[in-house]
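Visitor: Could you have a look at this structure, given as structure tokens, before my questions?
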Amino acid sequence: MFEFIRSHKRWIQIMLVLLAASFLVVGGMATNENTDSTIEVANVNGRKITQPEWEEAQRRQVDQYRAMLGAQFDQKRFDTPEFKREVLDTMIAQRAVEAEIDRSHLTVGDEVLVNTIQQNEEFKTNGKFDVEVYKAALRNARMTADQYEAGLRRDFVVRQVTGTVQETAFLPRTVGDRLSNIIDEEREVQEMLFPASEQQAQVKVTDEMVKAFYDKNATLFQVPEKARIEYVVLDAAAVEGLVSVSDAEVTAFYEANKARFGTPEERQYSHILFTAAKNASAADKAAAKAKADAALAELRKAPATFADVAKAKSQDVATAEQGGDLGVAKKGTMISPAVEDAVYKLKQGEISDVVESEYGYHIVTVTKLVPETIKPFADVKDTILAEVKKPKMSKKFSELQQIFSEGVYDQSASLKPVADKLKLKIETLENVTRTPNPALGQSPLNNPKFLNAVFSDSVVKNKHNTEAIEVKPGMLVSARIVEYSPSSKRPLAEVQDIIKVRVAQQEAASLAKKAGEARIAAAKASGDATGFGAPKVVSRVAPTAVNPAATPALLKADASKLPAYVGVDLPGIGYGVYRISKVSQPAKPDAARRSAEQQEIAGVLGQIEMRGYVDALKEKAKVKIVAKTQVAAADDKDAPAVK
């Protein structure tokens, strides 16, 4: 079962992107839908996928992985044709599914959409849907409500379609039971070890054997080329010292943006409502108004009884039980402009006159008022300074990067001219090789593009500066080689002692294996179990009863005729001989685990059904790859083919 799952892992990963993240990618692409670009990468059902859309999808996918992996994120894993091909194939699959949805005229009703948005915890305040929070979330995502809701509708339909297809997958019970039986199968084995250490006395290592190992394994003794380099860096830290912000600029920013540095006034309010429909008769309106006036007169005498009066007399059934509480007032979101005007004229505890709205007649009070507060200038000065400085630094960096790039190229024999001109420090790094140095971790100097430039022919032979390399956003580096050591092979005399140990170990292991194979032959002939250890039970569920290196061979061995014998190389130990004497099922199978296994298999089958369905849709949608040269390099056998 596990081999089956592993063999389909790549497709399942891609389909999870399609199903679980389709809205993210499709929603992101919507912003580029009307691009004027004519660079077309692929065409699905007459609808093109443009180069900007493809690049945006790649960027979003990389951002997702960066957020998931954190410090383990490695950018170079995604700077490959294979990754780009994977993203394009996912986009093609999405477009093919969308084309089928359009052909079938599938949609989702407004009620489902509204309910889904209102139930989203990210859009709630104190457990209730908050329009302002919803709008802020869309602004942060750089999306309009129409874009978000259209993407959400499409996501619903995609999930309905794909979910229906996956549910058609069927796992026969006999097949599921057979697979679970294979996993549960227990094998009783006995072990006999032939340690390599016991063969050491028989091993004689000659000079010829050492020389043969040295010649055959030249790569083990290869010393890679290396260099000592000088380099200069142009980044935010280098630019910061060249940019200044005056106190007057900081003060002006504070005065113009005070609202950003404080907490707005907060008013919690309640009301008592006497309903009168907008089209009610004059008599009905007069009657409601009279009730409101009477209640107001009562409240003027006893203002503290507002909540009690609301419970007894308010005709707003949704708030009456809470004493008329309407929560925190927010401008533009209140039930009526007239009520809003009244609320913002009151002090805490004051009661308004009767206020007429389209719902009837209200009496309003402010139950809690928290005044607006503004942080003192001294508390936010550093924050403002950084914010005002940031665009200046960006502008300055744009100016300097051209000077930097031209300087390292025009005066290629030295980094000193550009370093002096831009007040940069020349740094030195020892033992630089073509491959990243693990000790440097995620350092920009481990950037493959930078290392390739350092070891280019021009830089190695002529000691020229490299071009200005962007090793990460906002950071340019140029380097030159000061000292260079070409690749070389360590002399035999220097490594012969190490080789003698390796050859001796190999020879001892070989002798141990011969002894073990001889014991297997003798045991098969006689059936004698003398010398084998006590029986141990090995299974896929509990595989650690013997050396883990032997377990796979024991579980795969043909046990149709018992006893069966298996010989296994045990690295660092020698050779193991195993006698399989019994094959059985556990007395008490784990029913819960077996059920979970069969559900997992059914899920994989569902994914395979989905693959076939999407492939059929791609055929139907007449997919065409336009920019073939951009994806041809991604010849990944595990990835599904782009049709």
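Under the UniProt record's numbering, the first residue of the sequence shown is numbered 1, with each subsequent residue one higher. Even glycine gets a Cβ: it sits at the ideal position worked out from N, Cα and C.
How far does the beta strand (DSSP E) with Ser478 in it extend, from its first residue to its last?
Guide: Residues 475 to 485.
Visitor: Assuming Ala468 and Ile229 make a contact with CB atoms under 8 Å, what is their CB distance in whole Å?
Guide: Contact flag wrong, Cβ pair sits at about 15 Å.
Visitor: Is the separation between the beta-carbon of Gly603 and that of Gln190 shorter than 8 Å?
Guide: No. Outside cutoff.
Visitor: Under the three-state reduction of DSSP, which class applies to Ile351: helix, strand or coil?
Guide: If DSSP states are grouped into helix, strand and coil, Ile351 belongs with the strands.
Visitor: Given a cut-off of 8 Å on the beta-carbon distance, is the pair Leu299 and Phe306 in contact?
Guide: Cβ distance < 8 Å, so Leu299 and Phe306 count as in contact.
Visitor: What three-state label does DSSP hand Ala564 in the structure shown?
Guide: Ala564: strand per DSSP, three-state reduction.
Visitor: Report the three-state DSSP secondary structure of Asn120 (helix, strand or coil).
Guide: Coil, per DSSP.
Visitor: Could you tell me the boundaries of the beta strand (DSSP E) in which Tyr344 lies?
Guide: Here Tyr344 belongs to no beta strand (DSSP E), and DSSP marks it neither H nor E.
Visitor: So Ala550 packs on Tyr578, CB below 8 Å; how close in whole Å?
Guide: The pair is a contact, with the Cβ atoms about 6 Å apart (cut-off 8 Å).
Visitor: Could you spell out where the beta strand (DSSP E) holding Leu326 opens and where it closes?
Guide: Counting along the chain, the beta strand (DSSP E) containing Leu326 begins and ends at 325 to 329.
Visitor: How would you call Glu86, buried or exposed, if buried means at least 16 neighbouring beta carbons within 10 angstroms?
Guide: Buried is the call here.
Visitor: For the putative contact between Thr365 and Glu350, defined by C-beta atoms under 8 Å, what is the C-beta separation to the nearest angstrom?
Guide: Yes, they are in contact, since the Cβ atoms of Thr365 and Glu350 sit about 7 Å apart, within 8 Å.
Visitor: Counting along the chain, where does the alpha helix (DSSP H) carrying Asn462 start and finish?
Guide: That run of the alpha helix (DSSP H) goes 457 to 462.
Visitor: Work out the CA separation of Ser357 and Ser281 for me, nearest whole Å.
Guide: Their Cα atoms are separated by approximately 15 Å.
Visitor: Would you call Leu562 buried or exposed, if buried means 16 or more other Cβ atoms sit within 10 Å of its Cβ?
Guide: So Leu562 counts as exposed.
Visitor: With burial defined as no fewer than 16 other Cβ atoms inside 10 Å of the residue's Cβ, what is the status of Thr219: buried or exposed?
Guide: Flag for Thr219 reads exposed.
Visitor: Drop a sphere of 10 angstroms on the beta-carbon of His105, count the other beta-carbons inside from all chains shown, and report buried for 16 or more, exposed for fewer.
Guide: His105 is exposed by the Cβ-count criterion.
Visitor: Among the residues of its own chain, which have a CB less than 8 Å from the CB of Val309, if the five just before and after it don't count?
Guide: Closer than 8 Å at Cβ, skipping near neighbours: Ile272, Ala295, Glu298, Leu299.
Visitor: Taking the DSSP output, what are the residues bridged to Leu369?
Guide: Arg267, per the DSSP bridge assignment.
Visitor: What first and last residue would you give for the beta strand (DSSP E) that runs through Ala42?
Guide: Residues 40 to 44.
Visitor: Short of 8 Å in beta carbon distance, which residues of its chain neighbour Leu476, apart from the five on each side in sequence? Order them along the chain.
Guide: Once the five neighbours on either side are set aside, the close Cβ partners of Leu476 are Val233, Leu234, Asp235, Gln401, Phe404, Ser405, Ala468, Ile469, Glu470.
Visitor: Since Tyr361 and Lys313 are thought to touch, with beta carbons under 8 Å apart, how far apart are those beta carbons, to the nearest angstrom?
Guide: Rounded, the Cβ-Cβ distance is 12 Å, inconsistent with contact.
Visitor: When the distance is taken between beta carbons, is Ala277 closer than 8 Å to Ala621?
Guide: Not a contact, by the Cβ cut-off of 8 Å.
Visitor: When the Cα atoms are used, what is the spatial distance from Lys204 to Ala504?
Guide: When rounded, the distance between both Cα atoms is 7 Å.
Visitor: What residues in its chain sit with their C-beta under 8 Å from that of Ile39, if we drop five residues either side in the sequence?
Guide: If we look at Ile39 and ignore the five residues flanking it on each side, its Cβ neighbours are Thr50, Gln51, Pro52, Ala627.
Visitor: Our contact map puts Val541 next to Leu554 with C-beta atoms below 8 Å; I'd like the distance itself, whole angstroms only.
Guide: Their Cβ separation, rounded to whole angstroms, is 14 Å, which puts Val541 and Leu554 out of contact at 8 Å.
Visitor: Is the Cβ-Cβ distance between Glu225 and Pro491 less than 8 Å?
Guide: No.
Visitor: Would you list, in sequence order, the uninterrupted alpha helix (DSSP H) runs of no fewer than 4 residues that lie entirely inside the region 205 to 230?
Guide: 207 to 216, all fully within the region 205 to 230.
Visitor: Would you check if the region 384 to 398 and the region 235 to 248 touch, i.e. whether three or more CB-CB distances between them fall below 8 Å?
Guide: Enough Cβ pairs lie closer than 8 Å, so yes.
Visitor: Could you spell out where the beta strand (DSSP E) holding Leu193 opens and where it closes?
Guide: It spans 186 to 195 - the beta strand (DSSP E) in which Leu193 sits, taken as one unbroken run.
Visitor: Does DSSP classify Asn547 as helix, strand or coil?
Guide: DSSP places Asn547 in coil when its eight states are reduced to three.
Visitor: How long is the line joining the alpha carbons of Gln119 and Phe129, rounded to whole angstroms?
Guide: Rounded to whole angstroms, Gln119 to Phe129 spans 7 Å at the Cα level.
Visitor: Leaving out five residues before and five after Lys211 in sequence, what residues of the same chain have Cβ atoms less than 8 Å from its Cβ?
Guide: So the qualifying residues of the chain are Leu492.
Visitor: In the DSSP assignment, the alpha helix (DSSP H) including Glu53 goes from what residue to what residue?
Guide: Counting along the chain, the alpha helix (DSSP H) containing Glu53 begins and ends at 51 to 69.
Visitor: Report the rounded CA-to-CA distance for Leu346 versus Lys392, giving the unit in angstroms.
Guide: Whole-angstrom Cα-Cα distance: 45 Å.
Visitor: Could you tell me the alpha carbon to alpha carbon distance between Val243 and Gln222, rounded to whole angstroms?
Guide: Their Cα atoms are separated by approximately 49 Å.
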